[in-house]
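Remember, this note's numbering sits 729 above the position in the sequence shown when you count from 1. Glycine included, each C-beta is placed from N, C-alpha and C at the ideal position.
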Amino acid sequence: MSGPEGRGPELPDGVFRTDAETVDAHRLDRSGWVPEGRPFGVALAESVADVRAVLRYAHATGTPVVTRGAGTGLSGGAGATDGSIVLDVSRMNRITEISAVDQLAVVEPGVITADLDRAAGAYGLRYAPDPASVAISTIGGNIATNAGGLRCAKYGVTRDSVLALDVVLADGELISTGHRTVKDVTGYDLTGLFTGSEGTLGVVVGATVKLRPVPAATATVAAYFDDVASAAAAVNAISAAGLQPSVAELLDAATLAAVEEVTGPDPRRAGRAAGAFLLIQADGSAAEAEARQIHAVLAAHHAQVFTAGDDAEAARLLDVRRRALPALERRGRALIEDIAVPRSRLAEAVEEIQRIAKTHAVPVFTMAHAADGNLHPIIVVERATGTDSGTDSDSGGGAQGAPDGDLGANVWAAADAIFTMALGLGGTLTGEHGIGVLKRKWLADDLGERNLDLQRRLRAVFDPTGILNPGKAV
Ligand SMILES: Cc1cc2nc3c(=O)[nH]c(=O)nc-3n(C[C@H](O)[C@H](O)[C@H](O)COP(=O)(O)OP(=O)(O)OC[C@H]3O[C@@H](n4cnc5c(N)ncnc54)[C@H](O)[C@@H]3O)c2cc1C
């Protein structure tokens, strides 16, 4: 297909589709946000050359471009806006190199995160960032959202594992940022800037990412507490003792009850009510010794504590956390929020969320990456009787299928109160899912007007004609 009046750059042959089936399959992400109108078409890119051709065409014609990995995002970032080209890079999915000596991998953007982790395993290495969507999301999407995960507690977010990028800019030019080196302070950190830029500064077409040795051992400890405040205090005491868990996941009483509705209560609790569930893992050669210390700290906070005796028991304890989202989705449509607060304010945040839920009469279930202070308050809007999402695995996701306006004013009032509370505690709107469309309303409250203005001017430097994911992120 050619540019305006048959002149100028053309869309690459064979990769551009406008049929309803392809377009419909590329309209939504997993947030539940339904864009108005329809995209112009979908480019199923298979190479860097395809991506460059699409951007040259879009630049010349002023056509918006919505880059898409797997579409598992929870903030509306990959939602296909009216008249846009959806640039799907999921077919660019080769792992081109794994270097055991440099402890890195070179990948195309469409590689599924778990596939990279598995491939690295053959070299005794692993890719540390592990969003719960690890089996269904792409490295490119993880980079564009700066995804987090369970292991962030020790290994950081995606940005901490990205060494270098190949990026196609808005006008179709290809640039490289960063190096294969451990250290790199030459010039501004454009690799860090592109990471988390939600498809607004360029299209990631290649990445060099850090791999780490697979830990010699992993030990798992779980604990039931009378209340969330005690669990949060215990997590802080673990940090204060100089221990660094690789995983620290907290479920509040409501979330635990939803899980136990499916699994039945844990018999080891012997009928005692639980106000919070905490799952901790330590890894490395000192994992068992650390787990013993963690066990002691938790017990000192009046918890019922269990250390897994073997891998099967560890898997059963992890399963409680893994089942939480599917258990909530059985109850209705789940609006998954993603605030982060300073770790020391975690208990206050959970208690405030519970108060907000009562005030606005909406059910809010909270799970948290406790060692990061990253909370997922999940507002569940009960499904009308007789409907069922059919979701029964961890590959479930955010709300789907209806305009956000359908959620009801009290749901948005509760969400507004949660964001305001997070900012009041010195926290932020999003710890790992990104701004997308759904959190734009609160952006200036978080960043401040001057900072936001600077970010918008920065965006215009990379994309002067405003074609990259317009209306999203900053
Ligand atoms: C069940 C479930 C669990 C989840 N758990 C987590 C979790 O634990 N932690 C977490 O952080 N997130 C989680 N998510 C959210 C989601 O999986 C992540 O945001 C993920 O990084 C998105 O990857 P994707 O390939 O699906 O990207 P998409 O949804 O396709 O895109 C996300 C954003 O990135 C942009 N983008 C995608 N690819 C590129 C590229 N190559 N270049 C430039 N921009 C690009 C898009 O335009 C969009 O703005 C979860 C989602 C689900 C459904």
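Query                                                                                                                                                                                        : Result
Rounding to the nearest angstrom, what Cα-Cα distance links T1120 and A789 in this structure?                                                                                                : Per-residue confidence for T1120 stands at a pLDDT of 34, beneath the threshold of 50, marking its modelled position as unreliable; no derived number is given.
In chain order, what residues of the same chain lie with their CB nearer than 6 Å to the CB of T924, ignoring the 5 residues before and after it?                                            : I872, N875, R888 and V891
Kindly provide the ranges of any alpha helix (DSSP H) runs that are 4 or more residues long and lie completely inside the segment 926-951, ordered along the chain.                          : none
Quick check: is any heavy atom of ligand 1 less than 7 Å from the C-beta of G737?                                                                                                            : no
With C-beta atoms as the reference, is G878 less than 8 Å away from P860?                                                                                                                    : yes
Suppose contacts are defined by Cβ-Cβ distances below 8 Å. Is A807 in contact with V794 by that definition?                                                                                  : no
Please confirm whether P942 and L833 have their CB atoms less than 8 Å apart.                                                                                                                : no
How far does the alpha helix (DSSP H) with L1183 in it extend, from its first residue to its last?                                                                                           : E1178 to F1191
With respect to 7 Å, is the separation between the Cβ of T867 and the closest non-hydrogen atom of ligand 1 below this value?                                                                : yes
Quick check: the Cα distance between D895 and R781, rounded to an integer number of angstroms?                                                                                               : 12 Å
Enumerate in chain order the residues of its own chain whose CB-to-CB distance from D812 is below 6 Å, with the five nearest sequence positions on each side excluded.                       : It should be pointed out that residue 812 corresponds to Gly in this sequence rather than to Asp. F769, listed in sequence order.
Please go through the same chain and pick out, in chain order, the residues whose beta-carbon is closer than 6 Å to the beta-carbon of P1027, but skip the five residues on each side of it. : The question names Pro, yet the displayed sequence has Leu at residue 1027. Result list for L1027: A952, A963 and V1034, in chain order.
Mind checking whether R759 and T801 have CB atoms under 8 Å apart?                                                                                                                           : yes
Within 10 Å of its beta-carbon, does K1201 have 16 or more other beta-carbons around it, so buried, or fewer, so exposed?                                                                    : buried
Have a look at N1103 and R1050 and give me their C-alpha separation to the nearest angstrom.                                                                                                 : 15 Å
Roughly how many angstroms separate the alpha carbons of P741 and D779, rounded to a whole number?                                                                                           : 6 Å
If you draw a straight line from the C-alpha of V815 to the C-alpha of A1189, how long is it?                                                                                                : 21 Å
Would you call the segment 976-984 and the segment 1079-1096 touching, i.e. three or more CB-CB distances under 8 Å?                                                                         : yes
Let me know the secondary structure DSSP gives Q973 once reduced to three states.                                                                                                            : coil
Which partner residues of D981 appear in the DSSP bridge assignment?                                                                                                                         : A1005
Is T937 close to ligand 1? I mean its beta-carbon at under 7 Å from any heavy atom of the ligand.                                                                                            : no
Check the DSSP bridge columns for M821 and list the partner residues they point to.                                                                                                          : BP columns for M821 are empty, so no partner.
Can you tell me which of the three DSSP states G1200 falls into?                                                                                                                             : coil
Once you ignore the five residues that flank E1019 on each side, which residues in its own chain have a CB closer than 6 Å to its CB?                                                        : L972 and A1011
What residue range is occupied by the uninterrupted beta strand (DSSP E) comprising Q1033?                                                                                                   : Q1033 to T1036
Report the partner residues of S905 according to the DSSP bridge assignment.                                                                                                                 : D895
Could you tell me which of K883, E1058 and L940 sits nearest to A673, measuring between CA atoms?                                                                                            : Residue 673 cannot be examined here, being either before or after the span of the chain that is shown, 730 to 1203.
List the endpoints of the continuous beta strand (DSSP E) containing A1097.                                                                                                                  : V1093 to H1098
Which residues mark the beginning and the end of the alpha helix (DSSP H) in which T796 is found?                                                                                            : Looking at the DSSP string, T796 is not in any alpha helix (DSSP H); the run it does join, the beta strand (DSSP E), is V794 to R797.
Which residues in the same chain as A857 place their Cβ atom closer than 7 Å to its Cβ, once the five residues preceding and following it in sequence are excluded?                          : R880, Y884, S890 and R941
Cβ of E989 within 8 Å of Cβ of G1061?                                                                                                                                                        : no
Report buried or exposed for A851, applying the criterion of at least 16 other Cβ atoms within 10 angstroms of its Cβ.                                                                       : exposed
For D1192 and E902, I'd like the C-alpha separation in whole angstroms.                                                                                                                      : 12 Å
In terms of DSSP beta bridges, what is S968 paired with?                                                                                                                                     : Looking at the DSSP assignment, S968 forms no beta bridge with any residue, so it has no partner.
Jot down the residue ranges of each uninterrupted beta strand (DSSP E) in the segment 1010-1071, minimum 3 residues, whole runs only, in chain order.                                        : 1033-1036 and 1061-1065
Is H908 buried or exposed, if buried means 16 or more other CB atoms sit within 10 Å of its CB?                                                                                              : exposed
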